[in-house]
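Colleague: Under my numbering, the letters of the sequence shown match residues 1 to 291, in that order.
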Amino acid sequence: MRIAAYDIGGTALKMGVLNEKGEILAQEKTAVPNFSGEHILASIQAWLASHSECEGIALSVPGYVDPWTGFITMGGSLRDFDGFALQAWLQNKTGLPVSVENDANCALLAERWLGNAQTMRDFLMMTIGTGIGGALFCNGELVRGHRFRAGEFGYLLSERPGAGRLNSYTMNENCTLAVLRRRYALVSDRPLEAVTGEEIFAGYDQGNKICVRLVTQFYQDLCSGIYNLAHLFDPQCIFLGGGITERPGFIDEIKAHLGWYGLTVCVARASHGNSAGLTGAVYHYLNSQHK
């Protein structure tokens with residue numbers, strides 16, 4: 001069996017062909033200009049046209065999504081997908097079976113299927129990207145919530161709210177690489193597009209005082225969320241995913257900051273890296289077709 005898989009993000013679309021064992025047979029990535037839903041849909045169809053051997057379609061998407069009907073209530077950073085019946089739209093266009101699941105849930109399912117959580121009954125996935133995503137696996141089951149919104153760790157408060165806008169105190173606006181870049185651009189009086197995460201972490205490694213302060217705050221805010229999650233769910237492990245986790249020493253640095261909290265919970269890097277969304281989407285597809 002060949003399954004066309006897509007991992008839709010706010011700035012990039014990952015596309016692949018996988019088999020029922022989760023093996024990646026083909027893979028490609030394309031940029032998403034201006035968070036365009038129209039561009040994403042055109043790219044999905046073009047990839048499928050060039051891989052006509054595929055018998056089904058599996059998608060990993062941001063936002064709030066019904067995993068059984070594929071209806072997206074809110075598309076996260078892709079507001080073109082708000083109120084969009086993506087599964088029905090693709091089925092009508094292609095005549096193929098389609099499944100749609102939240103991106104953080106897909107990352108968790110990849111870890112459960114072919115990663116380091118295959119024997120775990122209680123673990124969490126935290127994804128660090130444009131925003132902070134999350135997924136819960138408790139008592140041997142994926143927890144989605146009443147409105148399919150469980151695991152939205154990005155809305156956790158990273159500090160006590162003050163008189164300002166409430167969202168400014170959440171993990172989404174304090175614990176992402178985009179926020180770190182914006183803060184450094186402001187302090188260094190440079191345009192945001194001229195600042196990279198690599199530059200900031202290089203300054204951190206070299207002892208630059210500004211970079212050390214900003215990165216330390218970034219780690220502390222992340223650890224505050226991890227601390228709360230560890231005590232709320234008592235997981236066997238919290239897996240961290242996203243491009244920033246590929247930084248050498250990232251997990252060790254997180255553990256060092258968690259030591260200040262007196263927390264001994266297992267924290268590990270997600271094992272599938274950039275292919276987690278594709279892999280988890282296919283796992284959900286296989287389960288949905290079986291059901």
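The C-beta atom is built at its ideal place from N, Cα and C for all residues, glycine as well.
The structure presented is a predicted model; accordingly, all values stated were derived computationally and were not measured.
(1) Take Ile-254 and list the residues in its own chain whose beta-carbon comes closer than 8 Å to its own, dropping the five residues that flank it on each side.
(2) Would you mind stating whether His-290 and Ala-110 have Cβ atoms separated by less than 8 Å?
(3) I'd like the list of long-range same chain contacts for Ala-185, defined as Cβ closer than 8 Å, with 5 residues on each side in sequence excluded.
(4) Report the partner residues of Asp-82 according to the DSSP bridge assignment.
(5) For Val-212, which residues does DSSP report across the bridge?
(6) Between which two residues does the alpha helix (DSSP H) harbouring Arg-353 extend?
(7) What alpha helix (DSSP H) runs, 4 residues minimum, are completely inside the stretch 234-284?
(8) I'd like the list of long-range same chain contacts for Leu-157, defined as Cβ closer than 7 Å, with 5 residues on each side in sequence excluded.
(9) Expressed to the nearest angstrom, what Euclidean distance is found between the alpha-carbon atoms of Cys-138 and Asp-122?
(10) Would you report the Cα separation of Glu-173 and Glu-53, rounded to the nearest angstrom?
(11) Spatial neighbours of His-284 within its chain, please: CB distance less than 7 Å, with the 5 preceding and 5 following residues excluded, ordered by chain position.
(12) Write down the C-beta distance between Leu-278 and Leu-18 rounded to the nearest angstrom, noting that I regard them as a contact closer than 8 Å.
(13) Apart from the five residues on each side of it in sequence, which residues of its chain come closer than 7 Å, Cβ to Cβ, to Pro-161?
(14) Which residue wins for smallest C-alpha separation from Asp-205, given the options Phe-250, Ile-24, Leu-177?
(15) Which residues in the same chain as Thr-245 place their Cβ atom closer than 8 Å to its Cβ, once the five residues preceding and following it in sequence are excluded?
(16) Using DSSP's beta-bridge definition, name the partner residues of Phe-137.
(17) Taking the beta strand (DSSP E) that Asn-34 falls in, what are its first and last residues?
(18) What is the DSSP secondary structure of Phe-71, counted as helix, strand or coil?
(19) Skipping 5 residues on each side, what residues in its chain have a beta carbon closer than 6 Å to that of Arg-144?
(20) Under 8 Å by Cβ, that's how I've got Gly-22 and Leu-114 pegged, so tell me the actual separation to the nearest angstrom.
(21) Do Glu-38 and Asp-82 have their C-beta atoms within less than 8 Å of each other?
(22) Pick out whichever of Thr-216, Asn-92, Ser-275, Gly-242 has its Cα sitting closest to the Cα of Tyr-6.
(23) Quick one: is Asp-103 buried, meaning 16 or more other Cβ sit within 10 Å of its Cβ, or exposed?
(24) Among Glu-55, Ile-72, Leu-258, Cys-175, which one has its Cα closest to the Cα of Pro-97?
(25) If you run the structure through DSSP and keep just helix, strand and coil, what is Lys-21?
(26) Less than 7 Å between C-beta atoms, sequence neighbours within five positions excluded: which residues of the same chain meet that for Arg-247?
(27) Taking all protein chains shown into account, do 16 or more other C-beta atoms lie within 10 angstroms of the C-beta of Gly-16, making it buried, or fewer, making it exposed?
Modeller: Let me spell this out:
(1) Here the question's residue 254 lines up with position 254 in the sequence shown. Closer than 8 Å at the Cβ level, and outside the excluded window around Ile-254, lie Tyr-219, Leu-222, Cys-223, Ile-226, Leu-240, Val-267.
(2) Reading the sequence shown from its first residue, position 290 is the one you call residue 290. Reading the sequence shown from its first residue, position 110 is the one you call residue 110. For His-290 and Ala-110, no; Cβs fall outside 8 Å.
(3) Locating residue 185 in the sequence shown gives position 185, counting from the first residue. So the qualifying residues of the chain are Pro-191, Leu-192, Ala-194, Val-195.
(4) Position 82 of the sequence shown, counting from 1, holds the residue named residue 82. DSSP, once it has assigned bridges, lists no residue as partnering Asp-82.
(5) Mapped onto the sequence shown, residue 212 falls at position 212. Beta-bridge pairing links Val-212 to no other residue.
(6) Past the edges of the chain, shown from 1 to 291, lies residue 353, and the structure says nothing about it.
(7) List check, alpha helix (DSSP H) in window: 250-260.
(8) By 1-based counting over the sequence shown, the position of residue 157 is 157. Hits under 7 Å: Tyr-169, Thr-170.
(9) As a position in the sequence shown, residue 138 is number 138, starting the count at 1. As a position in the sequence shown, residue 122 is number 122, starting the count at 1. Roughly 4 Å between the two C-alpha positions.
(10) Numbered from 1 along the sequence shown, position 173 holds the residue referred to as residue 173. Numbered from 1 along the sequence shown, position 53 holds the residue referred to as residue 53. The C-alpha of Glu-173 lies about 42 Å from the C-alpha of Glu-53.
(11) For this step, residue 284 is matched to residue 284 along the sequence shown. Around His-284: Ala-58, Pro-67, Ser-99, Glu-101, Cys-106, Leu-109.
(12) For the purposes of this step, residue 278 is taken as the residue at position 278 of the sequence shown. For the purposes of this step, residue 18 is taken as the residue at position 18 of the sequence shown. Leu-278 to Leu-18, Cβ: 6 Å. Contact.
(13) Residue numbering aside, residue 161 sits at position 161 when the sequence shown is read from its first letter. Only Tyr-169 meet the Cβ criterion.
(14) Walking along the sequence shown from the start, residue 205 turns up at place 205. Ranking Phe-250, Ile-24, Leu-177 by Cα distance to Asp-205 puts Phe-250 first.
(15) As a working mapping, residue 245 is identified with position 245 in the sequence shown. Cβ within range, chain order: Ile-128, Ile-251, Arg-269, Ala-270.
(16) One-based indexing of the sequence shown puts residue 137 at position 137. Its beta-bridge partners are Phe-123, Leu-142.
(17) Along the sequence shown, one-based indexing puts residue 34 at 34. Per DSSP, Asn-34 lies in no beta strand (DSSP E) and is assigned neither H nor E.
(18) Start at 1 with the first residue of the sequence shown, and residue 71 comes out as number 71. In this structure, Phe-71 counts as strand in the three-state DSSP scheme.
(19) Locating residue 144 in the sequence shown gives position 144, where the first residue counts as 1. The beta carbon of Arg-144 sits closer than 6 Å to those of Ala-150, all from its chain and outside the five residues before and after it, given in chain order.
(20) Here residue 22 corresponds to residue number 22 of the sequence shown, with the count starting at 1. Here residue 114 corresponds to residue number 114 of the sequence shown, with the count starting at 1. A Cβ-Cβ distance of about 5 Å is found for the pair Gly-22 and Leu-114, placing them in contact under the 8 Å criterion.
(21) Here the question's residue 38 lines up with position 38 in the sequence shown. Here the question's residue 82 lines up with position 82 in the sequence shown. Result no, Cβ atoms of Glu-38 and Asp-82 do not sit closer than 8 Å.
(22) By one-based count along the sequence shown, residue 6 stands at place 6. Each of Thr-216, Asn-92, Ser-275, Gly-242 was checked against the Cα of Tyr-6, and the nearest Cα belongs to Ser-275.
(23) Within the sequence shown, residue 103 is the residue found at index 103, counting from 1. When all chains shown are included, Asp-103 counts as buried.
(24) Here the question's residue 97 lines up with position 97 in the sequence shown. It is Glu-55.
(25) The residue labelled residue 21 in the question sits at position 21 within the sequence shown. It is coil, neither helix nor strand.
(26) Here residue 247 refers to the residue found at position 247 of the sequence shown. Phe-201, listed in sequence order.
(27) If you number the sequence shown from 1, residue 16 lands on position 16. Counting Cβ neighbours within 10 Å, Gly-16 comes out buried, since at least 16 surround it.
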